[in-house]
Structures are given as C-alpha cells and as structure tokens.
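Protein chains in written order, with this note's numbering: chain A, 178 to 507; chain B, 339 to 662. Comments concern the structure below.
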C-alpha cells in the first residue's frame, strides 16, 4: 500500500502486552497509511486494539508492552528506530499529537487553561512567556473559545468546552498529524457534532492529517475519507469510506454495518453478530473472525487470510471475497 | 390499547446544598419539572434527551425509586404513592429496571444463579433451590444464553457485556414483571452485540406483552424499535409522538437540532448541525418563558415571556413551541 503522498505508513506492526499468562496480541501485524491532508477513520469494537495502535504510534506505551516487529514510517523516517529522547524532542506533540479518550478530565484543575497551553509550548519551544501566552490565546480562538477565558480554570468550562481546550493543546506545536481517540465519547450528540465539525474545519485550514479512532461507526463513517476496520488486532478491511460502506467486502464489516441503526434510514429489524471477539492471549488459528462468521469454511479455520486489494485502494482480508455477495440493506 | 402507566404533572426538584449562613432562598435543580404522559400496555415508550434533561429521574420516579416533589403516577389505575405495604411489594415485582452498566448492576461475588435467585427468594417464587434452578435455566435459555449450565455458576467477570446485560434482563424477567424501565440498556455494549439484547427485549414484548420505558440517547435505536417517543429538555417534555414520525419530521427546534446532530452510518447523509447556541447548562436559571429560548435560533419576545404548552400538531404528535 504505497502512495507518493503518504505521511504515515505502518506495516506489519506487532505490539504485544506481557502478562503473567503470556503475550496479549493487541496489535498483531497491522497495516495502515495516512496521506497528507487526509482524515482516516479506524473503527472496531472494544478490545480490538484501536487505542493500543494509537499509543504505539505516539509511543506512550505501558512498561509491559513490547514491539515485536513492524515499521512506522513518518515522513519517510522509521519512528521505531528513533531513541526515546529524540522522539520526545522531534516527534511527539511537535509532529504527531493526540487527543486522548476522556482527555477533558485530564486537565489540571489547579491551573488556568491558558497556563496549561503555555506550559506545553514552553516545554518544547524556545519562545518567551509573552509569545507563548499570545499563541495560547490565538489557539483558544481557533477552537471557538473566547480568548478572555484563558484565565479561567477547567471547572468553569462545560465538557464540550474542555474538549475544545484539549484540542487547542494538541494543536499548540503545529503538528502535522492529529490522532483523536474516542474524542467525543462522553459528550452529548449536539456537542459531539460541533466538535467533529471543528476538527474537520481545522484539518482543512491547518493542512493537518488526522486519524479518528472510535467504536462509534456512524461518527467515523461520517467524518473520514478512508476507513480502516479493525478486528482482534488486525485490519480486516480498508478503503474509501463510501466504498466500504456501500460495498463492504469482509463479512465482519458487512455484519457490523448491518447492526448499526441509521437515524436517517428506513426502519428495519436490527441484526447482530453472534459470539464475542477472541481472547487476544491465545487467538485461534486461521481467520480471527471465523468462529463468528456465518460464511466460514474449512480454509478459514486453518489459514489466515492476507489483505488483498479488491479495487483501487479497497482491501480486505477474507478467503471468500470473490464468492460472497454481500448486499447491504441501505 | 389501555394505558398501563399514567404520569400527571410530575415534578422532582433536588435541593442544592445551601451554605450554613446562607440567607438567600434555597435553590433547586428542577430535574423533572411538570411532565405528563401515559404508557400503553405492550408498547415501547422512549424518553430521549441530553445528559441532565431528567430522563433517568423520570424513569426512577415511575418505579418509585424516588419520591416526587409533586405530581401523581398511576400504575394499572392505582396511584403508586398510596399503595399499602403488600401492594407495594407486588408493585416492586411488576415493575423492574435494567441499568446501563451490567458490570456494576450484578454482585461480582455471587454467581449468576445466586444473583438472579435473590429476587426470586424475596418474592417467594420457587419453593426450593431445585425449582429456582429450573426457572432461571429456562429464562437464560429464553434470552439466548444456552446451554444455561454454562452460565449458571459463572461469576459476572467471566461473561461479556452483552451476556451480562442479558443476565440483567433475566433477573427482571424471572419475576414475571409487567413493566420494565430500561435505562440506556445497550449504550455500554459494542455495536455488534447490541442487537442481541434488543432482540431479547422485542421477543419478550411479543411473548409476554411486556411494556417498556426505554431511556436512551440513541435516536437511531428509537427509530428502529420505539413505538412512541418523548423528547425531554431540562425537565420538560418538549415534543411527543409516534417514534418514526417524530424522528423523521421533528417539529420542536430542539428535537430538530438533536436529530440533525446524530451521525448516520451512510457517509452520503452528512450531519448538518442545526444552529443552536451553547449547551444545556446555559439554561439553568429559571425564568418564565420557554426553557429552550436561550439556545433557540427562532426565539422572540413571546418565547421569553410565556411558557409554551404541549399542543397536538398531527395525530398523536404534540409539540411545546410557540413557533411550531
């Protein structure tokens, strides 16, 4: 999956967590690429490794984790080869920043929001306090907060406003890639829509690329150019969002999309996928989805499918792509 | 269909802590501020709204888990706040609740069997352990947890969220209730397993003519399974009507904004967020007019002065807005 204008290219990434009972294969041979100025969505159910992927990219992993193989090429440079100090100085927050799940609750309650942004800037850049403060005010304005409120404390803001502050902090060092992990999960739907629109506008005006990670399928399908569907530590399907939505290739994507109610669609019965995702401690052989897949054959149980290109930029990892006709009820 | 539950002008105000020497008048959070509606037997009545709109408090009031500040609730024609002790126990059996978080609504130190048995013992259903075992096995089977032997003696942590939520339904179900308040029953579950829990709810309704009050913020779900829906905003019902009608063609500016903000899985149907100011906390001050007025784009003088009443705009579809 090579593209000329790739900003980030991840190939065959394996990141496992060491536990008393063995390695938990949270990210297991994963491919992902992000082009310049592109918004990529990553969807998957809880425990499929979405957040672990984000943490691996920005390298804030717990001590029991280990990267077994793979490459994370960012602007042509393999991030996995960078020593920690260099990564901190050159990449984290300066080039790649992240809005964490529940980040709005991570703001320091004792410090004004302006001061928190200033701290971030001063920690990385050689600017005066005054310049940093001006930039903080500018950033707040950018995310739709009155700069006068820079002197307010986090408790004086609502959840949506705090999330805006967190986004401002993530943009403080002018990164080129923003990773948003469940950015709006705790917010009400109207506020969620406002934040999603804000990030999309900022992406365009600041020439950012973004990775939107969420279990909220409608949200991801509504805001990304391309979407990557994750299942049990692997990408099972990826492609242009509309194509994946209308002509899903992998049975998992198909069934997942079918189980999501569409508020603007026709009323119909809801479907669901039997069973639960596999335990990543000891995943079974073959395709990781086969125990839940209604189309599984003997080959699926034995052999692990590889990601195959189906049409331009549209890949899926399934043995039966050619034979199956998955017709979406839209 | 007969009304199973009738709610009349229900209010629940929570007092805010006043300072020791505070001379100002005591302030209240008006969680539920004068709602009236009725739920018909065998229907799924949905309450939707943002955090803090009072939907959960309303659900708890209906099961008498809270005492209202004022107002009345009738269940099968009887006011639930003037039941005798025996009647109350019977009511506690007939009205059950399913909570949002299945991981915390079951006792982690009891097996599934012991968890579910508790209700049976309290209500003296099943004479001995053997009988209770049969009742619970049958119920587990009916919610798709088979074979039941695989689940009976497991502990909650050994089950997935979707399975636990079905166990939670089983604990309600074995008491043969007539009415279930389901407060965000699937919002903690993965998309792919939500359907399984929903299917169980729908099957139960069909087989046992159960009535549901579904409290949710998932408007897509409401559209797919709801019969009627009420949209709440700051303790008031601003719009009420048949679920599909209301979601396809909302009349109140707040419902319109709410529904327009819900993303659709179809990327061609982009969200177009209706212009709306601020967020729900802005409207905490009390004033005489429409509670949505400070955020509404259509607001005029009358809205600020006079509170709109629910008015029928089409068959069974009510809206509280001067502009609708």
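A virtual CB, placed ideally from N, CA and C, is assigned to each residue, including glycine.
Test: residue 583 (chain B) CB closer than 8 Å to a CB of chain A: Cβ-Cβ to chain A under 8 Å: no for residue 583 (chain B).
CB contact check: residue 562 (chain B) to chain A, cutoff 8 Å: So yes, residue 562 (chain B) belongs to the interface.
Residue range of the unbroken beta strand (DSSP E) whose run includes residue 408 (chain A): Where residue 408 (chain A) is concerned, the enclosing beta strand (DSSP E) starts and stops at 403-408.
Burial state of residue 591 (chain B), where buried means 16 or more other Cβ atoms lie within 10 Å: Within a 10 Å sphere around the beta-carbon of residue 591 (chain B) sit 16 or more other beta-carbons, which makes this residue buried.
Check whether residue 529 (chain B) and residue 439 (chain B) have beta carbons under 8 Å apart: Not a contact, by the Cβ cut-off of 8 Å.
Contact residues within the stretch 426-443 of chain A, judged by C-beta distance below 8 Å to chain B: Result list: 432, 433, 434, 436, 437, 438, 439, 440, 441 and 442.
Within chain A, partners of residue 498 (chain B) - CB distance below 8 Å: Residues of chain A whose Cβ lies closer than 8 Å to the Cβ of residue 498 (chain B) are, in chain order, 453.
Members of the stretch 209-231 of chain A near chain B, C-beta cut-off 8 Å: The residues in question are 222 and 223.
Secondary structure of residue 340 (chain A), DSSP reduced to three states: In the displayed model, residue 340 (chain A) falls within a helix according to three-state DSSP.
Continuous alpha helix (DSSP H) assignments of at least 4 residues falling wholly in the stretch 623-662 of chain B: Counting whole runs of 4 or more residues, the stretch 623-662 of chain B contains the alpha helix (DSSP H) stretches 639-643.
Selection from B:375, B:539, B:404 and B:369 that minimises the alpha carbon distance to residue 656 (chain B): For residue 656 (chain B), the nearest C-alpha among the options comes from B:375.
Where residue 388 (chain B) meets chain A, residues with beta-carbon distance less than 8 Å: Ordered by position in chain A, the residues that pass the 8 Å Cβ test against residue 388 (chain B) are 365, 366 and 367.
Test: residue 394 (chain A) CB closer than 8 Å to a CB of chain B: Yes, residue 394 (chain A) counts as interfacial toward chain B.
Neighbourhood of residue 301 (chain A) by C-beta distance below 7 Å, restricted to the same chain and skipping five residues each side: Taken in chain order, the residues that qualify are 270, 271 and 350.
With 16 other Cβ atoms within 10 Å as the buried cut-off, status of residue 581 (chain B): Around the C-beta of residue 581 (chain B), 16 or more other C-beta atoms lie within 10 Å, and the residue is accordingly described as buried.
CA nearest to the CA of residue 254 (chain A), picked from A:222, A:304, A:183 and A:416: The shortest C-alpha separation from residue 254 (chain A) is found at A:183.
Cβ-Cβ separation, residue 406 (chain A) to residue 220 (chain A) (assumed contact under 8 Å), whole Å: Cβ-Cβ separation between residue 220 (chain A) and residue 406 (chain A): approximately 6 Å, consistent with a contact (criterion under 8 Å).
Closer than 8 Å to chain A by CB, residue 602 (chain B): It does: the Cβ of residue 602 (chain B) has a partner Cβ on chain A nearer than 8 Å.
Neighbour flag for residue 531 (chain B) against chain A, beta carbons, 8 Å: Chain A has a Cβ within less than 8 Å of the Cβ of residue 531 (chain B).
Own chain, CB closer than 6 Å to residue 642 (chain B), minus 5 neighbours either side, in chain order: Only 627 and 631 meet the Cβ criterion.
Inter-residue Cα distance where the pair is residue 427 (chain B) and residue 341 (chain B): Using only the alpha carbons, I get a separation of about 21 Å.
The stretch 383-393 of chain A touching the stretch 342-361 of chain A, judged by at least three CB pairs closer than 8 Å: Yes, the stretch 383-393 of chain A is in contact with the stretch 342-361 of chain A.
Within chain B, partners of residue 332 (chain A) - CB distance below 8 Å: Neighbours of residue 332 (chain A) in chain B, taken as residues whose beta carbon is under 8 Å from its own, are absent, since the nearest beta carbon is some 12 Å off.
For residue 203 (chain A), three-class secondary structure by DSSP: Correct three-state label for residue 203 (chain A): strand.
Unbroken beta strand (DSSP E) run spanning residue 492 (chain A), endpoints: Going by DSSP, residue 492 (chain A) is part of the beta strand (DSSP E) stretching over 491-493.
Interface positions of the stretch 537-561 of chain B facing chain A (Cβ-Cβ less than 9 Å), listed along the chain: Under the 9 Å Cβ criterion, the stretch 537-561 of chain B contributes 537, 540, 555, 556, 557, 558, 559, 560 and 561.
Coil, strand or helix - residue 396 (chain B) by DSSP: Helix, per DSSP.
Same chain, Cβ closer than 7 Å to residue 394 (chain B), neighbours up to 5 away in sequence not counted: 521 and 553, listed in sequence order.
Cβ-based contacts, 7 Å cut-off: residues of the stretch 196-209 of chain A near chain B: Here the close residues number zero.
Beta carbon of residue 458 (chain A) nearer than 8 Å to that of residue 448 (chain A): Cβ distance not < 8 Å, so residue 458 (chain A) and residue 448 (chain A) don't count as in contact.
Minimum Cβ-Cβ distance from residue 178 (chain A) to chain B less than 8 Å: Unreliable positioning characterises residue 178 (chain A) in this predicted model, as indicated by a pLDDT of 44, which lies under 50. A coordinate reading is not provided.
Unbroken stretches of the alpha helix (DSSP H), 4 residues or longer, contained in the stretch 468-555 of chain B: The stretch 468-555 of chain B contains these whole alpha helix (DSSP H) runs: 487-490, 499-511 and 529-546.
Contacts that residue 509 (chain A) makes with chain B (C-beta to C-beta distance below 9 Å): Nothing about residue 509 (chain A) can be read from this structure; chain A reaches only from 178 to 507.
Boundaries (first-last residue) of the alpha helix (DSSP H) holding residue 457 (chain B): From DSSP, the alpha helix (DSSP H) with residue 457 (chain B) extends over 450-460.
Residues within the stretch 401-427 of chain A neighbouring chain B, beta-carbon criterion of under 7 Å: Flagged, chain order: 418, 419 and 422.
Beta-carbon proximity check, residue 504 (chain A) vs residue 609 (chain B), cutoff 8 Å: The Cβ atoms of residue 504 (chain A) and residue 609 (chain B) lie no closer than 8 Å to each other.
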